[in-house]
Amino acid sequence: MHDNLIGTGGGLTYEDYCALPDDGKRYEILDGELFVSPSPIPLHQLITGNLYAELRAHIRPRRLGRLFVAPLDILLSKHNIVEPDIVYVSNAKSGVMTDKNVQGAPDLLVEVLSPSTRKRDLQDKRRIYAEWGVDWYWIVDPQGETLDELQRIGKEFAEVARFTRSTTFSPRLFPGFAIDMNDLWEH
16 MHDNLIGTGG GLTYEDYCAL PDDGKRYEIL DGELFVSPSP IPLHQLITGN
66 LYAELRAHIR PRRLGRLFVA PLDILLSKHN IVEPDIVYVS NAKSGVMTDK
116 NVQGAPDLLV EVLSPSTRKR DLQDKRRIYA EWGVDWYWIV DPQGETLDEL
166 QRIGKEFAEV ARFTRSTTFS PRLFPGFAID MNDLWEH
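All the letters of the sequence shown, read from the start, carry residue numbers 16 to 202 under my numbering.
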């Protein structure tokens, strides 16, 4: 691991995380505490897949960086290991990439809310992502049919824009990219 992965306080670490069983559950460590989530529901996966496909079609031909869909371990610190739904690492930040995982803050993390992780994504992860230097955080809410675009300012995120089902999503991070929000919910 990189030397800059020094957590604050005690608790579980990446070594503990690697010792967890490969049982199909989604494990994360937030501030040294283990969280377990069941597999996502079909709507969650549909939205994640649709957003990933649209982003990939924009990012890859322009060679802007690397785009990943979960599962992928993101080591923000010694005691913060997360598996966001979508991860983008620009060419400028490619140094955080390793053969096994991402060690450090990617440019963008995307979470599609689920009932079992909603509070954690909106509060704990939002705080941790900002604290550890993630520049952009997008939160997709299947129930509210919204996408919130957040940008880090200092150690906190500020909401840049909220996109609803009937609008066009044009994020600041990717000039020229646009998606009809209705397409996120299409089969």
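Just so you know, even glycine gets a beta-carbon here, dropped at the ideal spot from N, CA and C.
* Rounded straight-line distance, which links the Cα of Ala176 to that of Ala68 -> 22 Å
* Taking the Cβ atom as the reference point for each residue, do Glu126 and Glu43 lie within a distance shorter than 8 Å? -> no
* To do: Tell me whether Thr23 is buried or exposed, calling it buried when 16 or more other Cβ atoms sit within 10 Å of its Cβ.
  => Legend: pLDDT at Thr23 = 43, less than 50; position of this residue unreliable, no value from coordinates given.
* Asked: With distances taken between CB atoms, is the gap from His73 to Phe172 smaller than 8 Å?
  -> no
* Of the choices Leu61, Lys108, Asp31 and Gln60, whose alpha-carbon is the least far from that of Leu49? -> Asp31
* Asked: In the DSSP assignment, what residue or residues form a beta bridge with Asp163?
  -> Ile154 and Arg177
* Asked: So Asn95 and Asp46 are in contact, right, with Cβ under 8 Å, and what is the actual spacing, rounded?
  -> 7 Å
* Going by the beta-carbon positions, is the gap between Val102 and Leu124 smaller than 8 Å? -> yes
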